[in-house]
DNA sequence: AACTAGAGTGAGACCAGATATCACTGACGG
DNA sequence: CCGTCAGTGATATCTGGTCTCACTCTAGTT
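Residue numbers (our numbering), protein chains in the order written: chain A, -16 to 129; chain B, -16 to 129.
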């Protein structure tokens, strides 16, 4: 099943109509890079009204078809997401993103529960770094200069 | 040393003047609850210009006197912070915050480095839950209804 | 004490991301 | 075929934040 079909199916499953406008937004979202802003989608879905783009993206967020990704400067971007709970490893240079699910927070949750007496219900984790390609590039540049 | 003095000292140490306007912003920040928006500070520092409030808070952010805290709805709030790297455990009901530093991400970093070949440089972690008081309140309310 | 460079200020314009309003459209069930 | 209601889009508005620019204040220099 293609991404488009999956998205459409999930929307219909929840009783939402897949109109021409929504379809255009979905197409524009699928055409984006690893992560993007609403504005990027707006530019990619020309004939669709601003409000509808925001509404459709919020809907996709609610249906877990999109997720948000926090850049290290505090900006929130969007990203396609067809799975559930996961985190992001973002390359600070090129913006490339790897999803990962192995956040072993059990130990942390246990300790926090004990020390603070909170009932812990969720967490948000983003990891930042530099991907292999960008690291190679950087060392090559440094070698050229030095 | 009081919080005010600490903040003033750190500002002066870095060559920034502590003017009357900045002083008013600092006072307004110190008067806030666990976390707050720029707008809250704006309301608390009446005679100071909007731009100056933003500038001063950014300065305090740069000097690690403030930190940002990501609420689970994606909103970014500010919080007083006199220490370095730490994370937040936020109560979803009352907004109370506990700081903690024990984020044992070493294992995660090792695994991600191995599996993705990124050089990992940083992370952002927020934990959400319900504090003891809010839990008590909730169970009391449920008992009253049921 | 007067001078001056430069940090800091504030009113206001502007910008981006997002929501609210409201008249309209168009798809579907009866 | 009609009524209903989800969805649409133009537009206004809001919020969080930056930019600009003329101004002020202050610390250091003569």
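Don't be surprised by glycine CBs; every beta carbon is placed ideally from N, CA and C.
Listed along chain A are 108, 109, 110 and 111, each with a C-beta nearer than 7 Å to that of residue 106(B).
Here residue 106(A) is bridged, per DSSP, to 110(B).
Only 51, 53, 55 and 57 from the segment 29 to 58 of chain A bring a Cβ to less than 8 Å from some Cβ of chain B. Residue contact check for residue 64(B) against chain A: no CB pair falls below 9 Å. The beta carbon of residue 94(B) is closer than 7 Å to none in its chain, skipping five residues each way along the sequence. Annotation: residue -1(A) has no Cβ neighbours in chain B at a cutoff of 9 Å; minimum Cβ distance is about 22 Å.
For residue 77(A), there is no enclosing beta strand (DSSP E), as DSSP marks it with neither H nor E. With the rule of 3 Cβ pairs closer than 8 Å, the segment -11 to 9 of chain B does not count as touching the segment 95 to 107 of chain A. Residue 64(B) and residue 29(B) have their C-alpha atoms spaced approximately 23 Å apart.
Among the residues facing chain A, residue 90(B) is included, as its CB has a counterpart in that chain under 9 Å away. According to DSSP, residue pairing for residue 83(B) in a beta bridge involves 70(B). Only buried fits residue 112(A), as 16 or more other CB atoms lie within 10 angstroms of its CB. Among the residues facing chain A, residue 19(B) is not included, as its CB has no counterpart in that chain under 9 Å away. At a C-beta separation below 9 Å, residue 77(B) has no neighbours in chain A, since its nearest C-beta there lies roughly 11 Å away. Between the C-alpha atoms of residue 77(B) and residue 60(B) there is a straight-line separation of about 14 Å. Contact of residue 85(B) with chain A by beta-carbon distance below 9 Å involves 91, 94, 95 and 98. One finds 95, 98, 99 and 101 in chain A with Cβ atoms closer than 9 Å to the Cβ of residue 81(B), taken in chain order. The CB of residue 71(A) never comes closer than 7 Å to any CB in chain B; the least such distance is about 10 Å. In the three-state DSSP reduction, residue 0(A) falls in the coil class, being neither helix nor strand. C-alpha of residue 48(A) to C-alpha of residue 24(A): approximately 15 Å in a straight line. For the pair residue 68(A) and residue 85(A), the Cα-to-Cα distance works out to about 10 Å.
Neighbours of residue 115(B) in chain A, taken as residues whose beta carbon is under 9 Å from its own, are 99, 100, 101 and 102 in chain order. In this structure, DSSP gives residue 53(B) an extended state, which the three-state scheme calls strand. Counting along the chain, the unbroken alpha helix (DSSP H) around residue 38(A) starts and ends at 33 to 45.
The segment 30 to 38 of chain B makes contact with the segment -4 to 12 of chain B: 3 or more CB pairs, one atom from each, lie closer than 8 Å.
For residue -1(A) and residue 50(A), the gap between their C-alpha atoms comes out near 19 Å. According to the DSSP secondary-structure assignment, residue 63(B) is paired through a beta bridge with 49(B).
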